[in-house]
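**Student:** Residue numbers 1 to 264, in full-length UniProt numbering, belong to the letters of the sequence shown in order. Even glycine gets a Cβ: it sits at the ideal position worked out from N, Cα and C. Below is the structure I would like to discuss, written out as structure tokens.
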Amino acid sequence: MKEAQHTRTFEDLVAEGAAVPTEGWDFSWFEGRATEARPSWGYATSLAERLSRATAALDIQTGGGEVLDFALRRAAPDIPALVAVTEGWPPNVAKATALLRPHGVPVVACPEDAPLPFADAAFDLVVSRHPVTPHWAEIARVLQPGGTYFAQHVGPRSVFELVEYFLGPLPEEQSANRHPDRERADAEAAGLDIVDLRAERLRMEFHDIAAVVHFLRKVVWMVPGFTVEEYRPRLRALHERIVSDGPFVAHSTRHLVEARKPTA
């Protein structure tokens, strides 16, 4: 556990949260100062099982490569002959390259909204954990007939208690494109069959203001353009609330998606 945070000043905590590097998807820094319940399906472990049965796999928007690294290690030695990944944020490209190079996995720098730089029907398994937006037509294009898309997506209104604390009430349609029913329809419109679709709402707790600052710097789409300077009054009020009332509670939403491309 980290030092008891109630003994530290607002300024010290904010400065710490603002200084922590944000590249990659390693959330170990939050230990002792923020928690998030995990979905019951165990995405990384399930991913390892699927990798052990695949021949050519693609991980879209891999982040720092941490989840794929875990899954490949767990699946070894039964890993696909070909594994490739894409990532769009330059610091993550560098981190994923260093982490995945020992596996012989190339990291392709590719903006998240660009067409996938691979041939049609190149993979029998396409995976992704928390893509910004799933581009269903591209996923269907690079999948072989009979191939599978297996992913964990962020659901609608995820962590909105924290988002709305800073931005005020937001309309329901703000994240409607992340609703599982919408994603089912979009996947089917691209020619994929939904095999499994499960959703869960999971408790999160922020135990100090440094964790809030680091989270909003790391997950940049939560409060777009977030800076400590712009939101300092709200941050100070939230700090005082946490000190007096205990952890700030929010809820993430996640859904597991398994889709299959029909055979010819």
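Here's the rule: buried if 16 or more other CB atoms are within 10 angstroms of the residue's CB, otherwise exposed. What is Leu72?
**Tutor:** With 16 or more Cβ atoms within 10 Å of its Cβ, Leu72 is classed as buried.
**Student:** Which of the three DSSP states is assigned to Ala81 in this structure?
**Tutor:** In the structure shown, Ala81 sits in coil (DSSP, three-state: anything other than H, G, I, E or B).
**Student:** Quick one: grab the DSSP three-state call for Arg260.
**Tutor:** Residue state, collapsed to three classes: strand.
**Student:** Expressed to the nearest angstrom, what Euclidean distance is found between the alpha-carbon atoms of Glu23 and Arg260?
**Tutor:** Their Cα atoms are separated by approximately 32 angstroms.
**Student:** Closer than 7 angstroms by C-beta to Ala4: which residues in its own chain qualify, once you throw out the five before and the five after it? Chain order, please.
**Tutor:** Because the pLDDT of Ala4 is 47, which lies under 50, any placement of that residue in the model is unreliable, and the question is left without a value.
**Student:** Tell me whether Trp221 is buried or exposed, calling it buried when 16 or more other Cβ atoms sit within 10 Å of its Cβ.
**Tutor:** So Trp221 counts as exposed.
**Student:** Give the single residue among Glu229, Pro224, Leu235 and Ala190 whose Cα lies nearest to the Cα of Ala211.
**Tutor:** The shortest Cα separation from Ala211 among Glu229, Pro224, Leu235 and Ala190 belongs to Leu235.
**Student:** For Glu23, does the three-state DSSP call read helix, strand or coil?
**Tutor:** If DSSP states are grouped into helix, strand and coil, Glu23 belongs with coil.
**Student:** Which residues bound the alpha helix (DSSP H) around His239?
**Tutor:** Val228 to Asp245 is the extent of the alpha helix (DSSP H) around His239.
**Student:** Do Glu200 and Arg254 count as a contact pair if the criterion is CB distance below 8 angstroms?
**Tutor:** Going by C-beta atoms, Arg254 is nearer than 8 angstroms to Glu200.
**Student:** Less than 8 angstroms between the CB atoms is what I'm expecting for Val163 and Val223, so what's the real figure, rounded?
**Tutor:** At roughly 6 angstroms, the Cβ-Cβ gap stays under 8 angstroms, so Val163 and Val223 are in contact.
**Student:** Using DSSP with H/G/I as helix, E/B as strand and the rest coil, what is Val212?
**Tutor:** Val212: helix per DSSP, three-state reduction.
**Student:** Checking the sheet assignment: what are the DSSP bridge partners for Ser36?
**Tutor:** The sequence given here has Glu at residue 36, not Ser. DSSP, once it has assigned bridges, lists Met204 as partnering Glu36.
**Student:** Please state the DSSP three-state secondary structure of Phe150.
**Tutor:** Here Phe150 sits in strand by DSSP.
**Student:** Determine the closest residue to Lys95 out of Asp69, Ala114 and Ala75, with distance taken between C-alpha atoms.
**Tutor:** Among Asp69, Ala114 and Ala75, the Cα nearest to that of Lys95 belongs to Asp69.
**Student:** Would you check if there are 3 or more beta carbon pairs closer than 8 angstroms linking the stretch 120-130 to the stretch 53-65?
**Tutor:** Verdict: yes, contact present.
**Student:** Inspect the beta-carbon positions of Trp41 and Arg198 and report whether they are closer than 8 angstroms.
**Tutor:** In contact: Trp41 and Arg198 (Cβ atoms closer than 8 angstroms).
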